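Student:
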Amino acid sequence: MTDPPPYHLSEHDAVDLLDPIRAELAKLELRTRHYRERVPLGSVEDGEALRVASDALAAARAAIAEVTSASPGKAQIPERPGPRRVLITGAGGTIGHDLAERLRDHYSVRLMYHRRVPASPPVDDWVQIDTSQIESIVSALEGIEAIVHMAADPETGAPWESVLENNIIATYNVFEAARLAGVKRIVFASTNHVMGMYDRDQEWPIYADQPVRPDSLYGVSKAFGENLGRFWHDQHGMSVICLRIGWMLPEPRDEISRWMWLSPRDCAQVVSRALETDLGFGVFYAISANSRRHWDITDTIERLGYRPEDDAERFFANS
94 MTDPPPYHLS EHDAVDLLDP IRAELAKLEL RTRHYRERVP LGSVEDGEAL RVASDALAAA
154 RAAIAEVTSA SPGKAQIPER PGPRRVLITG AGGTIGHDLA ERLRDHYSVR LMYHRRVPAS
214 PPVDDWVQID TSQIESIVSA LEGIEAIVHM AADPETGAPW ESVLENNIIA TYNVFEAARL
274 AGVKRIVFAS TNHVMGMYDR DQEWPIYADQ PVRPDSLYGV SKAFGENLGR FWHDQHGMSV
334 ICLRIGWMLP EPRDEISRWM WLSPRDCAQV VSRALETDLG FGVFYAISAN SRRHWDITDT
394 IERLGYRPED DAERFFANS
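Structure follows, in structure tokens:
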């Protein structure tokens with residue numbers, strides 16, 4: 094694997110550079126408001142100091158908003174050499190189906206279905222495979238250069254039996270089949286639930302390099318997939334990029350999705366960036382540029398070249 098290209102500030106626009114600062118400002122504003130409204134203050138001077146701090150934070154946020162609103166947009170899908178033949182597992186799921194429709198004009202896409210095949214798949218090249226059979230997966234990977242592994246039981250309350258079969262054994266089988274078939278790259282769909290206990294305890298912001306704290310067996314299974322990817326890279330030289338996906342929805346609909354929304358076009362872009370990168374291994378948060386997000390995407394921007402185009406706040410302008 095080649096070393097990642099050097100990072101140059103000049104390659105980024107105002108949104109890339111200032112969005113992480115804007116997110117931190119929002120958190121400081123919330124904390125300052127909490128102090129003003131709920132914490133008994135010792136003197137009038139304390140209250141005045143907090144008022145000044147609140148005004149300064151609001152002014153900084155407004156200045157950033159003015160600069161970033163004029164920032165030019167970025168291309169959704171990178172146009173540079175990379176794998177051309179890509180297989181998407183879990184193509185029957187919401188994200189897998191949407192990715193197929195958005196990536197089919199940029200890659201030669203093959204879809205892998207497990208239990209159900211839709212009446213009209215987004216592409217003509219598809220297979221129906223039992224993921225308990227490694228040999229069948231190997232056959233489906235003929236000519237494939239990269240895998241986007243989306244298949245899993247996505248329910249946080251899924252019982253152990255389903256998690257074991259669909260998220261752990263199936264993930265191992267896909268990774269092993271990729272090794273046997275000579276596939277060079279896997280993009281593994283991980284989840285924010287790998288770090289869910291930080292959310293439970295409101296220990297924000299959350300960074301990808303912190304110790305994992307799963308909030309469910311589903312989160313445990315995705316932590317397994319990340320560690321399997323680390324081993325597959327170190328042991329077998331395969332490139333594995335793990336994306337901790339937030340909540341992909343057409344648009345955010347409540348306070349939780351306001352924090353963790355991943356728009357469909359940002360999802361397609363970050364998956365494409367993961368397919369195109371020269372990195373051998375990495376774990377990255379995949380979330381849109383939500384001003385109130387709790388998960389840090391600085392590494393995703395700097396190391397993967399991700400340029401999120403959407404912010405959940407535009408859906409909450411009057412709230």
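Okay, so the sequence shown: first residue is 94 according to this note's numbering, each after it adds one.
Cβ coordinates follow ideal geometry from the N, Cα and C atoms, glycine included.
Since this is a predicted model, take the numbers as computed values, not measurements.
#1: Taking 8 Å as the cut-off, does the segment 371–386 touch the segment 394–406 (at least 3 CB pairs, one atom from each stretch)?
#2: At the 9 Å Cβ level, is S314 part of the contact set with chain C, yes or no?
#3: Touching or not, the segment 308–322 and the segment 274–294, by the rule of three or more beta carbon pairs under 8 Å?
#4: In whole angstroms, give me the CA-to-CA distance for E348 and G140.
#5: Just the C-alpha distance for A361 and I188, rounded to the nearest angstrom, thanks.
#6: What do you reckon, are the CB atoms on I334 and M243 nearer than 9 Å?
#7: Let me confirm a value: L368 is counted as buried when at least 16 other C-beta atoms fall within 10 Å, else exposed. Which label applies?
#8: Just to confirm the assignment, what range does the alpha helix (DSSP H) spanning L336 have?
#9: With distances taken Cα to Cα, identify the nearest neighbour of L372 among I279, H190, A184, G183.
#10: For S213, which three-state DSSP category applies?
#11: Is the CB-CB distance between G339 and W297 below 9 Å?
#12: Kindly identify the DSSP beta-bridge partner or partners of I279.
#13: Taking 8 Å as the limit between beta carbons, can you name the residues of its chain near M290, skipping five residues before and five after?
#14: When you compare each of H326, L143, V216, D302 to F268 by their alpha carbons, which one comes out closest?
#15: Near A168, what residues of its chain come up, given a Cβ to Cβ distance below 7 Å and the 5 sequence neighbours on each side ignored?
#16: Specify, as a first and last residue, the run of the beta strand (DSSP E) that G375 falls within.
#17: Classify R396 as helix, strand or coil using the three-state DSSP reduction.
#18: Could you have a look at S201 and say whether DSSP puts it in helix, strand or coil?
Tutor: The short version:
#1: yes
#2: No chain C appears in this structure, which consists of one protein chain only.
#3: With three or more CB-CB distances shorter than 8 Å, the segment 308–322 counts as touching the segment 274–294.
#4: 29 Å
#5: 9 Å
#6: No, they are not a contact pair.
#7: buried
#8: Counting along the chain, L336 falls outside any alpha helix (DSSP H), though it belongs to the beta strand (DSSP E) covering 332–338.
#9: I279
#10: Judged by DSSP in its simplified three-state form, S213 adopts coil rather than helix or strand.
#11: no
#12: BP columns for I279 point to I240, V333.
#13: R306, P307, D308
#14: H326
#15: Only weak support exists for where A168 lies, its pLDDT of 48 falling under 50; the value from the coordinates is given anyway. Here the set comprises nothing.
#16: 374–379
#17: helix
#18: It is a strand residue.
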